Amino acid sequence: MTHIAQLKRLGLFDAKVPRYTSYPSAPHFNDRVDEHVFSSWISSLPTGTGISLYVHIPFCRRLCWFCACRTQGIQNDNPITGYISRIEAELAHVVKYLPQGTTLTHLHWGGGTPTILSPDHITRLATSIQTSVPFAPNYTFSVEIDPNELDAPRVNALVRAGMNRASIGVQDFDPEIQSAIGRPQGFGDTKIAIDLLREHGISSINADIVYGLPKQNKRRLTDTVQKLVSLTPERIALYGYAHVPWMARRQNLIDADTLPSPTDRLELFNTAQNLLNWDGYTSVGIDHFALPDDSMSEAVTTRTLRRNFQGYTVDPAVALIGLGASAISQFPQGYAQNASATSKYSAAIDTNSFAIARGHEFSPDDKMRAAIIESLMCNFDVRIDEMVSSHAVTRHDLYQMFARVNQKFEYILDVSESGLSIPHAARPLTRMIAREFDAYQLSTMGHSSAI
Ligand code: SF4
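Residues are numbered in my numbering as their position in the sequence shown, beginning at 1, plus a constant of 3.
Below, the structure is given as C-alpha cells:
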C-alpha cells in the first residue's frame, strides 16, 4: 500500500481537528471564568516574575477574503484613538493586581493590522506599556506587519519603542492567487518592507505563507517559496488555509471549486517543506521552519519549544496576558478570554472593569492531557519520565493510553516503556493523534482540515 493510501485509510483527508494552540480548544471555554477569577490569577503570579503580553489590534484598512481573524475594516483613524485608551485602561487595571517586580519577557502586537497605528499611536501605546511593566533583559518585542501598511516613520517609531522582531504576512506571491483571495501584495512590496526593517536593525523576521489556497498548485507554490527564501527570513510559518465560510463570512467570496483537494493539500505542504529543508531551514513543529542558528531551531534541539495561542514560541513566561477585544490570557490555572466584539469589549472596559467573557479553569486531568498534546505538537513524542515527574499519572496508565492510540493508528507509532513517538512518515497525522488524547467532545463546526 502507498503512503498516501495508508494516510487516507487512517482518515487524514476527511478529519477536522483543532489546531491545538490551547487545550482544551476555545470552543470548550465557558462563562465560569469571569473578571474575579481573572484578577485572582493575576494576583497569584510569583513576585518578580516575567510575563508575556499580547495586544490585539482588531482593525484593518481592507478585509482580505481568506482571513478568518476577528477584525474590522476602518477607513479613518477615529476608532483607533478610543481603542488605545481602552487598552491603556485595561492595562492599568491589570497592573493593580500584578505582583511587585513583574517584568515583560515577551511583548507581541497582533491583529488585525498593528501597523495601521500611526507613529504617534505606536509611541503612545508602547510608552504606556513600558511605564506599566518594564522590559526584562533579553526581552522580545514582535509585531505583525502588513507590508501594505508600512512606511519608514512607522518602522522608526516601532524600533524606538523597542521592537526587535517582525512577522510579515505573505500568503502567496502569485498574482492570480492573490486576486482569488482578495489580497493583492506584490513581491516588491514585501521586499521593500523586509529591506526597510533590516535597514532599521531588525535582524529577526518571520514570514507567513499559506498552502491550500484557491488556484494554488505545486508550480505556483514552488515559485512563492523560492521567492521567499531569496529574502532569507529567519523563520517561516507554512499554514494550511482553513475554508470555513460558515464562521468567516467573507470567505464566501472565494470560489470553493478552485480549492485544492485534500490530497493536493498534502502534496503542496510536502513540496514547500522539502524546498525549505533543502534550503537549510529546520522543521519546527508541524508547520514552522527556522534557520539553524535561530532560537526556534535551538528550542527544537533542547526540547524547549512551546505552543500557545500565537502558535509556536520560545517564550518561557509562566503567564501570557492578552489585552484588547477577543484576546486570550493563559495562566497556570487556566484560560480567560475577553469579549470578542470591540463594542462589548469597550463597554466593559469603560465601566472600569475587565472584559472577560469566558475561559476555562484547568483540572489536573486537563493539565496532564495539555502536556501530552503540547509535547506531540512540539516534539512529535511524549516521554513517560517527563510526564510522571510533573503530573498525577502513573507509568502504567500512560503506557495503556499510548498502546490504545497506537492500535487505533494501526501500530504505525513507536510505543515503548519510555514513551510514544511519531515516526517521520506519520507526522501529517500529528493533530489527529493529539486529538486521541483530547477528552472533550469535538465541535462539528469549528475545526479545520487535519492537513
Ligand atoms: S490578512 Fe491581515 S490585513 Fe487581511 S483581513 Fe486578515 S488581519 Fe486584516
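Where a beta carbon is used, it is the ideal one built from N, C-alpha and C, also for glycine. Given the structure is predicted, the values throughout are model-derived calculations rather than measurements.
- In chain order, the residues with a C-beta atom nearer than 7 Å to some heavy atom of the ligand SF4 are C63, R65, L66, C67, C70, C72, T74, G114, G115, T116, D149, G172 and R186.
- Here DSSP, grouped into helix, strand and coil, assigns S170 to strand.
- A buried status is given to T143, since no fewer than 16 other beta-carbon atoms sit within 10 Å of its beta-carbon.
- A contact is defined here as three or more CB-CB pairs under 8 Å, and the segment 312–332 fails this definition with respect to the segment 10–21.
- For Y315, the beta-bridge partners assigned by DSSP are R310.
- Taking each of A169, A339, I454 and R222 in turn and checking the Cα distance to S207, the smallest one comes out for A169.
- Considering only R306, Y284, D290 and I289, the residue with the shortest C-alpha distance to D296 is Y284.
- When secondary structure is reduced to three states using DSSP, P156 falls in the helix class.
- E301 and G314 have their C-alpha atoms roughly 17 Å apart.
- Boundaries of the alpha helix (DSSP H) harbouring F41: E38 to S46, taken from the DSSP string.
- Classified as exposed, S419 has fewer than 16 neighbouring CB atoms from the shown chains inside 10 Å of its CB.
- For V408, the closest alpha carbon among the candidates T397, R434, H427 and H394 is that of R434.
- Within the segment 88–145, the complete beta strand (DSSP E) segments at least 3 residues long are 106–114, listed from N- to C-terminus.
- H291 has its alpha-carbon roughly 28 Å from the corresponding atom of L401.
- Apart from sequence neighbours up to five positions away, the residues of its chain that approach S46 with a beta-carbon distance below 6 Å are Y100, ordered along the chain.
- A Cβ-Cβ contact shorter than 8 Å links Q340 with I331.
- For L216, the closest C-alpha among the options L200, D226, A210 and Q181 is that of Q181.
- Annotation for G362: the continuous beta strand (DSSP E) segment containing it runs I359 to E364.
- If you keep only unbroken beta strand (DSSP E) runs of at least 3 residues inside the segment 325–384, you get 331–334, 337–341 and 359–364.
- Contact between the segment 343–352 and the segment 366–373 is absent: fewer than 3 CB-CB pairs across the two stretches fall below 8 Å.
- When C-alpha distances from F357 are compared across T5, V40 and A395, the shortest belongs to V40.
- Bridge partners of G283 according to DSSP: none are assigned.
- Bridge pairing for G76: C63 [DSSP].
- Looking at the DSSP output, S451 bridges to V20.
- Between N79 and the set H203, R89 and C63, the nearest pair of CA atoms involves C63.
- Shown here, A8 sits in a helix according to DSSP, grouped into three states.
- Residue environment: R35 is assigned as exposed (fewer than 16 neighbouring CB atoms within 10 Å of its CB, all protein chains considered).
- At a cut-off of 3 residues, the continuous stretches assigned as beta strand (DSSP E) that sit fully inside the segment 250–300 are 285–287 and 291–293.
- Unbroken alpha helix (DSSP H) runs of no fewer than 4 residues, entirely contained in the segment 192–236, are found at 221–232, following chain order.
- DSSP places V418 in the strand class (E or B) of the three-state scheme.
- In terms of Cβ geometry, A453 and L15 form a close pair [threshold 8 Å].
- Here the C-alpha atom of P263 lies approximately 43 Å from the C-alpha atom of E93.
- Rounded to whole angstroms, the gap between the alpha carbons of T397 and E389 is 11 Å.
- Per DSSP, the beta bridge partners of L323 are S55 and Q333.
- Excluding five sequence positions before and after F138, the CB atoms of its chain that fall closer than 6 Å to its own CB belong to L107, given in chain order.
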